[in-house]
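Engineer: Chains as they are written, first to last, in numbering that gives the first Met the number 0: chain A, 0 to 129; chain B, 0 to 380.
Even glycine gets a Cβ: it sits at the ideal position worked out from N, Cα and C.
Following this message is one structure expressed as C-alpha cells.
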Amino acid sequence: MYNKNVIYNIALYNYEVYSITMISKELLKGSIKSIVLKILTQHERMYGYELTQKVEELSNGTIKLTFGALYPILHKLEDDDLVETESEIVNNRNRIYYKLSNKGRKSALEKIEELKVFTSIIQKIIEHKA
Amino acid sequence: MLTDSQIKRIQNEIEKQNVTFSHLKEDILDHLCCEIENEITKGTDFDSAFNNTFKAIGDNGIKKIENETIFLIDYKIFVRRKSIFQFATIGLVLFVLGVFIQLVDLRISKFFQFSGILVLLGFIPLFFINNLLQRSEKPVLFNIYGLFSSLLTIGAILFAIQNWPYKELIFLFSVFALLILFIPTYAWSIYKYQWNKIIHFSFLYFVFLFVSLQFSSYLYKKNNTANAFIHLENNTEAYVEYYNSEIRKINDLSFFSNNNYQNVREQSDKLYNNLEELKKGITTKKTGFWNIDMYNPNEYENNFNNLAIQFSKYRDYCIAQIADNKLKVLINQSFTTEFPDTEIWIRSNFFQTQTTVINNITRLQRDIKFTEYQLLKELMN
Numbered sequence: 000m001y002n003k004n005v006i007y008n009i010a011l012y013n014y015e016v017y018s019i020t021m022i023s024k025e026l027l028k029g030s031i032k033s034i035v036l037k038i039l040t041q042h043e044r045m046y047g048y049e050l051t052q053k054v055e056e057l058s059n060g061t062i063k064l065t066f067g068a069l070y071p072i073l074h075k076l077e078d079d080d081l082v083e084t085e086s087e088i089v090n091n092r093n094r095i096y097y098k099l100s101n102k103g104r105k106s107a108l109e110k111i112e113e114l115k116v117f118t119s120i121i122q123k124i125i126e127h128k129a
Numbered sequence: 000m001l002t003d004s005q006i007k008r009i010q011n012e013i014e015k016q017n018v019t020f021s022h023l024k025e026d027i028l029d030h031l032c033c034e035i036e037n038e039i040t041k042g043t044d045f046d047s048a049f050n051n052t053f054k055a056i057g058d059n060g061i062k063k064i065e066n067e068t069i070f071l072i073d074y075k076i077f078v079r080r081k082s083i084f085q086f087a088t089i090g091l092v093l094f095v096l097g098v099f100i101q102l103v104d105l106r107i108s109k110f111f112q113f114s115g116i117l118v119l120l121g122f123i124p125l126f127f128i129n130n131l132l133q134r135s136e137k138p139v140l141f142n143i144y145g146l147f148s149s150l151l152t153i154g155a156i157l158f159a160i161q162n163w164p165y166k167e168l169i170f171l172f173s174v175f176a177l178l179i180l181f182i183p184t185y186a187w188s189i190y191k192y193q194w195n196k197i198i199h200f201s202f203l204y205f206v207f208l209f210v211s212l213q214f215s216s217y218l219y220k221k222n223n224t225a226n227a228f229i230h231l232e233n234n235t236e237a238y239v240e241y242y243n244s245e246i247r248k249i250n251d252l253s254f255f256s257n258n259n260y261q262n263v264r265e266q267s268d269k270l271y272n273n274l275e276e277l278k279k280g281i282t283t284k285k286t287g288f289w290n291i292d293m294y295n296p297n298e299y300e301n302n303f304n305n306l307a308i309q310f311s312k313y314r315d316y317c318i319a320q321i322a323d324n325k326l327k328v329l330i331n332q333s334f335t336t337e338f339p340d341t342e343i344w345i346r347s348n349f350f351q352t353q354t355t356v357i358n359n360i361t362r363l364q365r366d367i368k369f370t371e372y373q374l375l376k377e378l379m380n
C-alpha cells in the first residue's frame with residue numbers, strides 16, 4: 000500500500016525533473032547508470048556538470064541530463080562503492096570529482112556489455128520482418 | 000567567473016530548501032554555478048540567468064532530488080522518515096480534536112489531548128534517532144543532546160503525572176539539559192551548517208520560551224506563599240494525629256464520663272468520618288483512567304449542602320458548651336459557614352481543583368479535632 004504511494008510520488012517528480020529532449024525519459028531512465036559508468040571509464044575523474052555536458056556532446060544534444068536525474072544516481076553509485084569522490088576548491092567553491100573505483104571498473108564493463116546485448120536484441124526485434 | 004557575493008546568493012537560495020543529505024548540497028551548488036556561468040558566457044546577465052535557473056527548479060525541486068537520492072540508496076530510510084512525520088501528524092490531529100471536543104465533553108477531550116501529547120512526545124526522540132541512523136550532514140552532537148534532553152523531559156513529565164519520588168529532581172535535570180546542552184548546540188549548528196536561519200531561530204525561540212516558562216513556574220511554586228500554605232496544609236494530618244493523642248489522654252482520665260462528654264465525641268467523630276469518606280471518594284477519582292484529574296464538584300453538590308448544615312449545627316452545639324469567650328469567638332470564626340453566605344462557603348472550599356479540595360477537607364478535619372480537644376479540656380475543668 001505504502002510502496003505504491005511512494006512510487007507514485009517518485010514517478011510524478013520524475014516528470015518534472017528529467018528534461019530530456021527528443022528521447023523519452025522512460026526509455027532513457029534505465030540506461031543512465033550505464034551511460035555514466037561508461038563515460039567515467041574514459042576519464043580520470045569528472046564533476047557533475049562536466050558529465051552532463053559530455054552526455055549532451057556525445058548524443059549531439061539529444062540527451063540533456065539535468066542534475067535532478069544525475070546526482071541521485073551518482074550518490075547511489077558512491078554508496079555502492081562503485082565511484083569515489085574527492086573535493087577540490089575551484090573558482091571559490093567546493094567542486095566534487097567522481098572517479099571509478101576498482102570495483103566500479105569491473106561493474107562498468109559488465110554494465111556496458113549488458114547494455115550492448117540489450118540494444119542489439121531491441122534492434123533485432125524492431126528490424127524483424129514477418 | 001562568478002564573484003564571491005554571487006556564489007553566496009546562489010548558496011542562500013539552495014539553503015532555503017534545507018538539503019542535508021551527504022555532499023548533495025555542494026554538488027548542486029557547483030552544478031548551478033557552472034550552469035549560470037555558461038549562460039553568462041552566452042551573453043545573459045547574472046540576474047536573469049539566476050532567475051531562470053531557479054524558476055526551472057521550482058520551490059522544492061532540490062528537496063525532491065534529495066528525497067529521490069535517499070530513496071535510491073536506502074528505501075528504508077525514506078519510509079522511516081515519512082512515517083515519523085505521519086506519526087507526528089496523527090498526534091497533532093488528536094490534540095487539536097481534543098481541544099475542539101472540550102466544548103462538548105471535558106473527559107473525552109482530556110483523553111484525546113493526553114493521547115495526542117503522548118504521540119507527539121514519542122515523535123521527538125524518534126526524530127533524533129532517525130537523524131543519527133541516517134548519514135546526514137546534521138551534527139552528531141545536536142542529535143545526541145536532542146535525544147538525551149527529550150528523553151529526560153519525557154521522564155520528567157511521566158514522573159510528574161505518576162507522582163513518583165524525585166520528580167522535581169528529574170524536572171530540574173531536564174530543564175538544565177535543554178538550557179545548557181541542547182539549545183547552545185542547536186544555535187551553534189544553525190551558524191555552522193547554515194541552516195535556514197528564520198525557521199530555525201524562530202523554533203529555537205519557542206523552545207527557549209517554553210523552557211524558561213517551565214523553569215520560572217517551578218521557581219514560582221517554590222517561593223509562592225500560597226504554595227507554602229499548601230505545603231503546610233499537607234502536614235495537617237500531623238496536627239490531627241497530635242489532637243487525637245491528646246484526646247486519648249483525656250479519654251484515659253475519663254473517670255467523670257458524663258453525657259455531654261460522650262455527646263461531644265460522637266458528634267465530632269461523625270462529622271470527621273463524613274469528611275473522611277468524602278475525601279476518599281474524591282481521592283480515588285484521581286487514579287482513574289489515564290490518571291487524569293476526574294474530580295467533578297457537581298456530583299457532590301448534595302454532600303456539600305449537608306456538610307454545611309452539619310457544620311453549623313456542630314458549631315452551635317460547641318459554642319453552647321463553652322464558657323470561655325475567646326474560644327467561642329475562635330470556634331465561631333473557624334466554623335462559619337454563613338459568611339458571607341453558605342453558597343460562597345461551598346464554592347470557595349469545594350469548587351476548586353482536586354488537590355485544593357482535598358487540602359481544604361483535611362484542614363476542616365483538623366479544625367474539628369482542635370475544637371473537640373478544646374471542648375473536652377473545657378469539660379474536664
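(1) Using a beta-carbon distance below 8 Å, is residue 286 of chain B in contact with chain A?
(2) Is there a Cβ from chain A that is less than 8 Å from the Cβ of residue 28 of chain B?
(3) If the cut is a Cβ gap below 7 Å, which residues of chain B does residue 103 of chain A touch?
(4) Quick one: Cα of residue 16 of chain B to Cα of residue 68 of chain B, how far?
(5) Distance, Cα to Cα, residue 139 of chain B vs residue 94 of chain A?
(6) As a quick exercise: from B:5, B:44, B:202 and B:162, pick the residue whose alpha carbon is nearest that of residue 29 of chain B.
(7) Contact between the region 184 to 191 of chain B and the region 163 to 176 of chain B: three or more CB pairs below 8 Å?
(8) So, helix, strand or coil for residue 97 of chain A, using DSSP?
(9) Kindly say whether residue 1 of chain B, judged by its beta-carbon, lies nearer than 8 Å to any beta-carbon of chain A.
(10) Between B:26, B:338 and B:37, which lies nearest to residue 69 of chain A when the distance is taken from Cα to Cα?
(11) Going along the chain, which residues of the region 62 to 77 of chain B sit with their C-beta nearer than 9 Å to a C-beta in chain A?
(12) Looking at the C-beta of residue 108 of chain A, does it have a partner C-beta in chain B at a distance below 8 Å?
(13) What in chain B is Cβ-close to residue 75 of chain A, meaning under 9 Å?
(14) Confirm, please, whether the CB-CB distance from residue 314 of chain B to residue 334 of chain B is below 8 Å.
(15) On the criterion of 16 or more Cβ atoms from any shown chain inside 10 Å, does residue 11 of chain A qualify as buried, or is it exposed?
(16) Distance check for residue 72 of chain B and residue 120 of chain A, CA to CA, integer angstroms please.
(17) Does residue 60 of chain A have its Cβ less than 8 Å from a Cβ in chain B?
(18) So, is the C-beta of residue 121 of chain A closer than 8 Å to a C-beta in chain B?
(19) In the DSSP assignment, find the unbroken alpha helix (DSSP H) run with residue 356 of chain B in it and report its ends.
(20) Would you mind stating whether residue 122 of chain B and residue 90 of chain B have Cβ atoms separated by less than 8 Å?
(21) Rounding to the nearest angstrom, what Cα-Cα distance links residue 105 of chain A and residue 98 of chain A in this structure?
(22) Would you call residue 0 of chain B buried or exposed, if buried means 16 or more other Cβ atoms sit within 10 Å of its Cβ?
(23) List the residues that DSSP assigns as beta-bridge partners of residue 89 of chain A.
(24) For chain A, find out if any of its Cβ atoms is closer than 8 Å to the Cβ of residue 60 of chain B; answer yes or no.
(25) Can you list the residues of chain A that residue 21 of chain B reaches, using a CB-CB cut of under 7 Å?
(26) Go to residue 239 of chain B, then tell me how far its alpha helix (DSSP H) extends in each direction, as first and last residue.
(27) Put residue 337 of chain B into one of helix, strand or coil per three-state DSSP.
(28) Between the C-alpha atoms of residue 104 of chain B and residue 24 of chain A, what's the straight-line distance to the nearest angstrom?
(29) Run through the region 78 to 149 of chain B for me and flag every whole alpha helix (DSSP H) of 4 or more residues, listed as ranges in chain order.
(30) Just to check my reading of the structure: residue 365 of chain B and residue 263 of chain B have Cβ atoms closer than 8 Å, yes? What is that Cβ distance to the nearest angstrom?
Structural biologist: From the atom records:
(1) Because residue 286 of chain B carries a pLDDT of 46, less than 50, the predicted location of this residue cannot be relied on, and no value is offered for it.
(2) yes
(3) Correct list: empty, because the minimum Cβ distance to chain B is about 16 Å.
(4) 15 Å
(5) 25 Å
(6) B:5
(7) no
(8) strand
(9) yes
(10) B:26
(11) 63, 64, 65, 66, 67, 68, 69, 70, 71, 72, 73, 74 and 77
(12) no
(13) 68, 71 and 72
(14) yes
(15) Its pLDDT being 43, under 50, residue 11 of chain A is placed unreliably by the model, and nothing is read from it.
(16) 30 Å
(17) no
(18) no
(19) 353 to 379
(20) yes
(21) 13 Å
(22) exposed
(23) A:92
(24) yes
(25) 74
(26) 235 to 251
(27) coil
(28) 56 Å
(29) 105 to 132
(30) Rounded, the Cβ-Cβ distance is 17 Å, inconsistent with contact.
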